[in-house]
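Novice: Protein chains in written order, with the working numbering: chain L, 1 to 233; chain Z, 1 to 233.
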DNA sequence: TGTTAACTGTTAACGGTGTTCACTCTAGGC
DNA sequence: GCCTAGAGTGAACACCGTTAACAGTTAACA
């Protein structure tokens, strides 16, 4: 006989799996409490033994998706691969995942992040998963920097305010200088912005297929980090 | 006695005003059919005399917000202002509007755009309003280009596929070459991406206040278009 | 001017949602 | 072997978007 909390863990996983299934088939609005319960042959109130609310279920699903994405991107970089190539794989992997799972991407990255300086939000599993995901990028960029520092704007070019804010983040970037963090942040914001626009269809009223544009942009933003990504055909 | 369709137009405006009020106070989920009706002292079915569905009401609201934003940005550029300064005002005006009306911005730009090559979507007022808004930017960039062409990547650097796609859009950019359209598109995607990330809180886990970063980015992307935006302090 | 048709609003109802409460039953721990 | 904690149920509540049938007002037309 399986132990009781083992059974509980199994049911919990089944719930999230069902929610995931509904998400991919019908988008975010399709993953309702009653729908999930129906999928498992349960009555809606039964789910409250596992999640305090519908929102909590969604949050848990988001955290799971973060982790899935993180491990997927990690596995892409397995083996003995040059650091620049790794970043290229990370960027392309993120885009591929986003395009292959638009509903999941929309749920994870289209949902507003919790309040700025709201207390006790650091303990939430979703936040931790997001941090793990963000760390993936920070870590890689810091490695690239320490292997071969790339030219970066001087503090005077950025302005004192920005330099102060960037150096405050220096510890998270393994002690990189403000200018280098600035370029890394550029890489991230441009990558994130591009993928969001492509997935949410904000781009295909000017570019029906954004693959070539994405590739060109990847080359451009990689150059800023001293990488020679594969040049466009 | 006011004519009947005048009265009808007034009620229609009141409905959208109430919806707008609910939007700013409680975000997108707060603007429900019943809530709007309550706001006007009507019963929910009465709204069906004015909108075929709740979705239609939301779409009309989006179209209105597009137009409001368009005229607001247009008025910013009124008078005898240099073209580069105009683009700077446009970018900053968009950001200011987004930060001042986060709920509206989320509704307008966070909502997925209608299907790619879906037929008859061109007649929808929301689409037309979006086109007017997009035209604002295209028009200005084309003016800048024709006043003083900026250096742009050659076709060989972009790759044949991308060049083909960009030249297909040439007519919308007053006959600009592919490389120049590419740089203009960069301006737009980076601006849009930055504002989205800031408004949706995707940025303040690394930058508590993104104003300085935005300013620096604006300078950077303006340079690519041959403009000398105000340099950071 | 009287009739008619269209328009605007109502009430009642249907099926859907998340959520709570009181209850039953079953499995584990002492 | 009792007894308690946990899993699950059914009924109910308040909300949601939507539809149908109905009533009052207002404009148009013979």
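All C-beta atoms, glycine included, are put in the ideal place defined by N, C-alpha and C.
Is it right to say residue 147/Z is buried, meaning 16 or more other beta carbons lie within 10 angstroms of its own, or is it exposed?
Specialist: Here residue 147/Z is taken as the residue at index 147 of the second chain, counted from 1. Exposed: under 16 other Cβ atoms inside 10 Å.
Novice: Nearest-angstrom Cα distance between residue 48/L and residue 62/L?
Specialist: Translated into positions along the first chain, residue 48/L becomes position 48. Translated into positions along the first chain, residue 62/L becomes position 62. When rounded, the distance between both Cα atoms is 18 Å.
Novice: State the start and end residues of the unbroken alpha helix (DSSP H) segment that holds residue 167/Z.
Specialist: One-based indexing of the second chain puts residue 167/Z at position 167. Here the alpha helix (DSSP H) through residue 167/Z covers 160–168.
Novice: For the alpha helix (DSSP H) holding residue 98/L, just list the boundary residues, first then last.
Specialist: The count along the first chain starts at 1 and reaches residue 98/L at position 98. Residues 83–100.
Novice: What residues from the segment 173–202 of chain Z come within 7 Å of chain L, judged by C-beta to C-beta, listed N to C?
Specialist: Listed in sequence order: 185, 189, 190, 192, 193, 194, 196, 197, 200, 201, 202.
Novice: Report the three-state DSSP secondary structure of residue 50/Z (helix, strand or coil).
Specialist: For the purposes of this step, residue 50/Z is taken as residue 50 along the second chain, with counting starting at 1. Three-state DSSP puts residue 50/Z in coil, outside helix and strand.
Novice: How far does the alpha helix (DSSP H) with residue 197/Z in it extend, from its first residue to its last?
Specialist: Counting from 1 along the second chain, the entry for residue 197/Z is found at position 197. That run of the alpha helix (DSSP H) goes 178–199.
Novice: Which of the three DSSP states, helix, strand or coil, is assigned to residue 36/L?
Specialist: Counting from one through the first chain, the residue named residue 36/L turns up at place 36. Residue 36/L: helix per DSSP, three-state reduction.
Novice: Considering residue 126/L, what are the terminal residues of the alpha helix (DSSP H) in which it resides?
Specialist: As a working mapping, residue 126/L is identified with position 126 in the first chain. Where residue 126/L is concerned, the enclosing alpha helix (DSSP H) stretches over 125–147.
Novice: Tell me the DSSP secondary structure of residue 172/Z in three-state form.
Specialist: Start at 1 with the first residue of the second chain, and residue 172/Z comes out as number 172. Looking at residue 172/Z - three-state DSSP - the assignment turns out to be helix.
Novice: Return the first residue and the last residue of the alpha helix (DSSP H) that residue 11/Z is part of.
Specialist: Start at 1 with the first residue of the second chain, and residue 11/Z comes out as number 11. Residues 4–26.
Novice: Out of 181/L, 228/L, 157/L, which has the shortest C-alpha to C-alpha gap to residue 168/L?
Specialist: As a first step, residue 168/L is located in the first chain; it is residue number 168 there, counting from the start. If we check each option's Cα against that of residue 168/L, 181/L comes out closest.
Novice: Could you tell me the boundaries of the alpha helix (DSSP H) in which residue 226/Z lies?
Specialist: By 1-based counting over the second chain, the position of residue 226/Z is 226. No alpha helix (DSSP H) contains residue 226/Z, which DSSP labels as neither H nor E.
Novice: Assuming residue 192/Z contacts residue 193/L under a Cβ cut-off of 8 Å, what Cβ separation, rounded to an integer in Å, is found between them?
Specialist: Along the second chain, one-based indexing puts residue 192/Z at 192. Along the first chain, one-based indexing puts residue 193/L at 193. Indeed, because the Cβ distance is near 7 Å, the residues count as touching under 8 Å.
Novice: Mapping DSSP to helix, strand and coil, what is residue 56/L?
Specialist: Position 56 of the first chain, counting from 1, holds the residue named residue 56/L. Residue 56/L falls in the helix class under three-state DSSP.
Novice: Once you ignore the five residues that flank residue 105/L on each side, which residues in its own chain have a CB closer than 6 Å to its CB?
Specialist: The sequence position of residue 105/L within the first chain is 105, counting from 1. Same-chain partners within the cutoff: 98, 199.
Novice: Any contact between the segment 161–176 of chain L and the segment 205–218 of chain Z? By contact I mean 3 or more CB pairs, one from each, below 8 Å.
Specialist: They touch, by the three-pair rule.
Novice: Have a look at 22/L, 144/L, 45/L, 102/L and flag the residue whose alpha-carbon is nearest the alpha-carbon of residue 201/L.
Specialist: Translated into the one-based positions of the first chain, residue 201/L becomes position 201. Measuring from the Cα of residue 201/L, the nearest candidate turns out to be 102/L.
Novice: With 16 as the cutoff for other CB atoms within 10 Å, does residue 215/Z come out buried or exposed?
Specialist: The residue labelled residue 215/Z in the question sits at position 215 within the second chain. It is buried - the Cβ of residue 215/Z has at least 16 other Cβ atoms within 10 Å.
Novice: Leaving out the 5 sequence neighbours to the left and right, which residues in its chain are closer than 6 Å to residue 141/Z when beta-carbon positions are compared?
Specialist: Within the second chain, the letter at position 141 stands for residue 141/Z. Contacts found: 184.
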